[in-house]
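Chains as they are written, first to last, in this note's numbering: chain A, 5 to 221; chain B, 230 to 531.
This is the structure in structure tokens:
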């Protein structure tokens with residue numbers, strides 16, 4: 005499903021964020037990417053949707069070498085990935101509902117089916133009652149749930165989250181992880197980067213531990 | 230196909246929404262474009278109106294050969310026979326002095342003056358059309374005709390019409406140059422408007438790219454926005470032109486009436502008006518295309 009083979013990422017200036025990282029994630033698997041701040045977790049996750057390109061090695065998603073993909077092919081890769089970020093990346097001039105509708109605007113679905121999907125996604129994360137609200141009116145945990153709804157509305161096979169609980173209290177963080185676990189139970193591959201060891205401990209899942217850009221576990 | 234059409238519908242709706250959200254700025258842009266475009270469009274309308282006058286006059290070389298006032302009809306017949314035998318002439322037409330007077334009497338405002346005359350002051354005349362249009366050959370022919378017996382004066386009648394035609398040609402070229410310069414201006418205005426719009430929507434563009442929007446999907450609303458802005462400018466230009474011509478025609482029709490003419494400055498033909506609107510819309514699209522090509526590639530998710 006996702007395979008890293010000797011992946012190196014060097015930023016301009018020579019800083020090496022990843023050093024020969026190799027691992028595989030199978031379909032339907034749930035894995036944490038753990039490590040301290042600056043260990044290379046975000047860089048690793050950014051290589052999967054080709055937000056960053058590897059300096060060496062290969063990143064394969066469903067057998068496709070994403071590092072070699074042309075620019076025009078990237079949208080189609082990203083539509084199959086659900087991305088959740090620490091800062092949510094929501095549009096604050098639109099309603100909760102419109103934020104979830106955004107990925108469906110460039111899809112093939114008709115308006116009625118798109119609306120049904122958007123509401124179903126909001127229901128799954130418990131925000132259907134707030135569909136008309138502006139994201140700014142939501143709490144941090146709710147904003148993160150909204151980001152998850154937007155990430156899953158296209159029914160991606162992989163859900164990737166970069167520090168999704170970093171700014172949340174323990175209770176909200178656990179609720180977010182429970183949502184990821186629920187999606188994983190229906191077959192979605194989930195990859196979560198976090199430095200929260202307590203949270204990792206709550207779930208008996210595979211852990212890929214990074215330190216200074218290298219995989220140590 | 231259905232999804233593609235839906236996306237276009239949404240892009241058009243988004244473009245209209247952006248215009249509606251910035252009504253004042255959009256109106257000012259349309260006004261600036263409209264004023265700029267109304268200048269060449271007005272020049273074109275003016276020339277089109279003048280063309281009808283120029284086309285009414287003969288542009289073919291034509292010489293009027295006036296006989297001496299004391300020339301007899303026999304002198305005219307002899308001259309006519311000689312002119313008809315001249316190989317360099319294509320057509321020879323005799324206008325007796327009586328006919329010339331009748332035509333003059335028919336001219337507005339001259340009937341009373343002519344009635345007051347106690348004798349016909351006009352001479353017999355021949356109107357001849359040479360085969361050549363060469364200015365040198367015409368001058369030489371006029372000199373030769375002037376030397377013929379009974380001939381008092383030879384006049385090249387088409388010279389003014391040719392000069393007016395040449396002037397109109399130069400004016401058309403000047404208008405084309407002005408239009409080209411102003412077209413650059415229009416493209417620059419749209420380019421800058423779209424650039425600002427892209428910068429305003431930077432976050433939205435970045436997020437859209439992140440979740441799988443294609444470049445075409447992101448570009449589309451900006452193209453429609455540029456095209457709509459250009460179209461609005463074109464319509465404003467047509468409005469300005471129509472109002473200006475209506476105002477000018479008050480004086481022009483009065484002046485023309487004093488010469489016995491019903492001449493008025495005409496608005497553009499429907500096809501020409503449509504061309505102005507489409508030209509403006511195309512320039513708006515071009516400005517948007519250049520701006521989007523330059524700035525959209527610079528925005529990538531981080």
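Virtual Cβ for every residue (Gly too), placed ideally from N, Cα, C.
The model shown is predicted, which means the values in this text are computed figures rather than measured ones.
Helix, strand or coil at residue i according to DSSP, with G and I counted as helix
i                     : result
residue 296 (chain B) : strand
residue 184 (chain A) : helix
residue 280 (chain B) : helix
residue 399 (chain B) : helix
residue 219 (chain A) : strand
residue 437 (chain B) : helix
residue 359 (chain B) : strand
residue 199 (chain A) : coil
residue 20 (chain A)  : strand
residue 69 (chain A)  : strand
residue 102 (chain A) : helix
residue 327 (chain B) : helix
residue 111 (chain A) : coil
residue 48 (chain A)  : helix
residue 81 (chain A)  : helix
residue 319 (chain B) : strand
residue 427 (chain B) : helix
residue 508 (chain B) : helix
residue 501 (chain B) : helix
residue 40 (chain A)  : coil
8 Å Cβ cutoff met for residue i and residue j
i                     : j                     : result
residue 270 (chain B) : residue 497 (chain B) : yes
residue 446 (chain B) : residue 516 (chain B) : no
residue 153 (chain A) : residue 125 (chain A) : yes
residue 260 (chain B) : residue 465 (chain B) : yes
residue 45 (chain A)  : residue 195 (chain A) : no
residue 266 (chain B) : residue 505 (chain B) : yes
residue 38 (chain A)  : residue 211 (chain A) : yes
residue 292 (chain B) : residue 385 (chain B) : yes
residue 96 (chain A)  : residue 122 (chain A) : no
residue 361 (chain B) : residue 301 (chain B) : no
residue 207 (chain A) : residue 172 (chain A) : no
residue 24 (chain A)  : residue 61 (chain A)  : yes
residue 424 (chain B) : residue 524 (chain B) : yes
CA nearest to the CA of residue i, picked from the options
i                     : options                    : result
residue 350 (chain B) : B:311, B:358, B:325, B:366 : B:325
residue 190 (chain A) : A:212, A:162, A:169        : A:162
residue 28 (chain A)  : A:63, A:86, A:51, A:182    : A:63
residue 369 (chain B) : B:379, B:383, B:353, B:378 : B:383
residue 468 (chain B) : B:242, B:258, B:232, B:264 : B:264
residue 9 (chain A)   : A:79, A:169, A:182, A:26   : A:26
residue 164 (chain A) : A:110, A:12, A:32, A:13    : A:32
residue 495 (chain B) : B:477, B:311, B:376, B:524 : B:477
residue 7 (chain A)   : A:49, A:16, A:19           : A:49
residue 78 (chain A)  : B:450, B:526, B:441        : B:441
residue 508 (chain B) : B:519, B:483, B:409        : B:409
residue 346 (chain B) : B:333, B:526, B:355        : B:333
residue 433 (chain B) : B:312, B:528, B:471        : B:528
residue 14 (chain A)  : A:30, A:57, A:145          : A:57
Within-8 Å CB hit, residue i to chain B
i                     : result
residue 139 (chain A) : no
residue 83 (chain A)  : yes
residue 110 (chain A) : yes
residue 107 (chain A) : yes
residue 93 (chain A)  : yes
residue 115 (chain A) : yes
residue 52 (chain A)  : no
residue 16 (chain A)  : no
residue 203 (chain A) : no
residue 131 (chain A) : no
residue 87 (chain A)  : yes
Neighbour flag for residue i against chain A, beta carbons, 8 Å
i                     : result
residue 497 (chain B) : no
residue 439 (chain B) : yes
residue 426 (chain B) : no
residue 232 (chain B) : yes
residue 429 (chain B) : no
residue 433 (chain B) : yes
residue 443 (chain B) : yes
residue 245 (chain B) : no
residue 452 (chain B) : no
residue 448 (chain B) : no
residue 280 (chain B) : no
residue 471 (chain B) : no
residue 436 (chain B) : yes
residue 458 (chain B) : no
Near the ligand MN: residue i beta-carbon under 7 Å from a heavy atom
i                     : result
residue 305 (chain B) : Judged by which ligands are present, the structure shown has none, so any question about the ligand MN falls away.
Quiz item: Using a beta-carbon distance cut-off of less than 9 Å, what residues from the region 164–183 of chain A approach chain B?
Solution: none
Exercise. With 7 Å as the limit, tell me which residues of the region 39–65 of chain A have their beta carbon closer than that to any beta carbon of chain B; keep them in chain order.
Key: 55
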